[in-house]
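So the structure is just underneath, and the comments pick up after that.
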Amino acid sequence: MSDTLLAQEKLKTSRNVLMFAIPSLLGLFFFLAPLTINGDFTFPLALMAKGFKALLGEAILPTVAAVICFSALFSVVASTVKPAFVTQSPLMTRLFVLTPTWLVIRSLGAVFTLVALYQVGPEMIWDGNTGGLVLNDLLPSLFVTFIFAGLLLPLLLNFGLLELLGTLLSKFMRPVFRLPGRAAIDCISSWLGDGTVGVILTSKQYEQKKYTAREAAVVATMFSPVGISFSLVVLTQVGLQNYFVPFYLAICLSGVAAAMVIQFLPPLSYKKDVYIDGTKPNRDDELVPEGHSAMSFGLELALQRASKVKSLGSVAKEGVHNALDMVIGVLPVVMAVGTLGLIVAEGTPLFSLLGAPFVPLLELLNVAEAQAAAQTILVGFTDMYVPSIIAASTIDADMTKFIVAALSVTQLIFMSETGSVILSSKVPINFLELVAIFMLRTLVTLPIIVMVAHWIF
0 MSDTLLAQEK LKTSRNVLMF AIPSLLGLFF FLAPLTINGD FTFPLALMAK
50 GFKALLGEAI LPTVAAVICF SALFSVVAST VKPAFVTQSP LMTRLFVLTP
100 TWLVIRSLGA VFTLVALYQV GPEMIWDGNT GGLVLNDLLP SLFVTFIFAG
150 LLLPLLLNFG LLELLGTLLS KFMRPVFRLP GRAAIDCISS WLGDGTVGVI
200 LTSKQYEQKK YTAREAAVVA TMFSPVGISF SLVVLTQVGL QNYFVPFYLA
250 ICLSGVAAAM VIQFLPPLSY KKDVYIDGTK PNRDDELVPE GHSAMSFGLE
300 LALQRASKVK SLGSVAKEGV HNALDMVIGV LPVVMAVGTL GLIVAEGTPL
350 FSLLGAPFVP LLELLNVAEA QAAAQTILVG FTDMYVPSII AASTIDADMT
400 KFIVAALSVT QLIFMSETGS VILSSKVPIN FLELVAIFML RTLVTLPIIV
450 MVAHWIF
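Going by numbering that gives the first Met the number 0, the letters in the sequence shown line up with residues 0 to 456, in that order.
Here it is in structure tokens:
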């Protein structure tokens, strides 16, 4: 027997098979298994997060506020004084030693949190449509989702599931989207579950040299929309929930088109195909060797990955670190950036003025009430709910409401959540690049959504 065959046989121990199969199946269940509870579509991770949120009850807002304020206060101390117990700990350094820009953003998040919690100071900060919306409606859900997503993420990452799926799906993902097959799991977890989970999964894989800078940027900005359940909430907001199937068809069609086109345009086309440490990927690693099927080779890679897990305790520790990264690092950013964006949207005519150039385009596409619709187009950059809220109160035509709701989902990047999560992750994208990608997504997806709307209405 050759050395290669001998090595393959050594991998196929019951220990390795079980170490791959059990955690991977659990990961698929928690992140992707569709459930229907009392007629509502959900999935186990969201169900656990919702249960924990209900368990915390009224204590959740003070808890979130305490976490954000602690994050900001300790970051100020750690970044200025730099005590030895912080600098000697990689985890503490990563969590609390920040650049001046991120220190200001985190501190601003704490200030906005206290102002919104106690409703003191300028009303434009704590109003129910600005900071009050972010603190009361978004952060509690993000807080519990981050905890469970962080703890359970190693089930997807550490036991071989992505190695198997990556091999099986590479023949589709690589030619169609120029992405490794493993990107499919990010897409599925986002589309079925939650966009922030997809971003976090992408960031972790980028840190582990599973994605290049270009691949991580493309996956995070092209394949991390809000989940199905969230999309239904948006559609319900404009009173068109009976049109959910064609609505989600429009989202999928326009989303795939955007992913295929926009990656060839700046700024994504400028991203380098190198790993986080500057090394170049070896595309031959994705090729299935002679004598192997995609399934057998994928399974071999999965068992290799599973064999490297020496201690479940270390995996659990990594899960805790993931959760801390998200809760401490992301929540203050969402509060700061989301509140600022909504203040601009609610308190200034900026987005109405910026939307004015879209009036001729909407009229060309034969969209009713083009003037009112144009005002909603760019405001989605602040929060994806806002366009539907505006449309519900200012637009009468069902077709136009449908277009506004679908566009707000396919635009993908909104600063009250997904955008802030991307900025606070390791994914190599800055704020101005997010603005450019948001505009490109708007221009590419709008005509497709309008086409579907004309077909339906």
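Ideal Cβ positions, reconstructed from N, Cα and C, are used throughout, including at glycine.
According to the DSSP assignment, ILE59 belongs to the alpha helix (DSSP H) that extends over 59 to 79. By a beta-carbon distance limit of 8 Å, GLY108 does not contact VAL114. Their separation comes to about 11 Å. Judged by DSSP in its simplified three-state form, THR112 adopts helix. Under DSSP, LEU141 takes part in no beta bridge, so it has no partner. Nearest neighbour of GLU122 by Cα position, chosen from LEU406, MET172 and LEU339, turns out to be LEU339. Contact between the stretch 143 to 159 and the stretch 312 to 322 is present: three or more C-beta pairs spanning the two stretches fall below 8 Å. The beta carbon of VAL319 lies closer than 8 Å to those of GLY149 and LEU150 in the same chain, with the five residues before and after it left out. THR211 sits in coil when the DSSP states are folded into three classes, being neither helix nor strand.
When C-alpha distances from PRO99 are compared across VAL75, MET91 and LEU90, the shortest belongs to VAL75.
The straight-line gap separating the alpha-carbon atoms of ASP276 and PRO33 is approximately 37 Å. Counting only residues of its own chain and dropping the five nearest sequence neighbours on each side, LYS11 has a CB closer than 7 Å to the CB of LEU302. By the Cβ-count criterion, ALA83 is exposed, with fewer than 16 other Cβ atoms from all chains shown falling within 10 Å of its own Cβ.
Taking every protein chain shown into account, the CB of PHE413 has 16 or more other CB atoms within 10 angstroms, so this residue is buried.
Here DSSP, grouped into helix, strand and coil, assigns LEU34 to strand. Here the C-alpha atom of ASN135 lies approximately 43 Å from the C-alpha atom of PRO174. Per DSSP, reduced to three states, the secondary structure at THR41 is strand. PRO427 and SER223 have their C-alpha atoms some 15 Å from each other.
Annotated three-state conformation of ARG440 is helix, per DSSP. DSSP places GLU162 inside the alpha helix (DSSP H), whose first and last residues are 160 to 176.
In this structure, the alpha-carbon of ALA216 lies about 25 Å from that of PRO89.
Per DSSP, the unbroken alpha helix (DSSP H) holding ASN321 starts and ends at 311 to 346. Nearest to ILE199 by C-alpha distance, out of VAL255, LEU234, THR166 and LEU141, is LEU141. THR112 is positioned such that its CB atom lies closer than 8 Å to that of MET334.
Contact between ARG105 and SER70 holds, since their C-beta atoms are separated by about 6 Å, short of 8 Å. Shown here, GLU299 sits in a helix according to DSSP, grouped into three states. Here the stretch 431 to 442 makes contact with the stretch 408 to 422; the two share three or more CB pairs at distances below 8 Å. In the DSSP assignment, ILE124 falls within the alpha helix (DSSP H) that extends over 122 to 125. For LYS279, same chain residues with a beta-carbon under 6 Å away, outside a window of 5 residues either side, are VAL273 in chain order.
Assignment of GLU368 by DSSP, reduced to helix, strand and coil, places it in the coil class. Contact check for ALA249 and VAL451: beta-carbon distance about 4 Å, within the 8 Å limit, so the pair qualifies.
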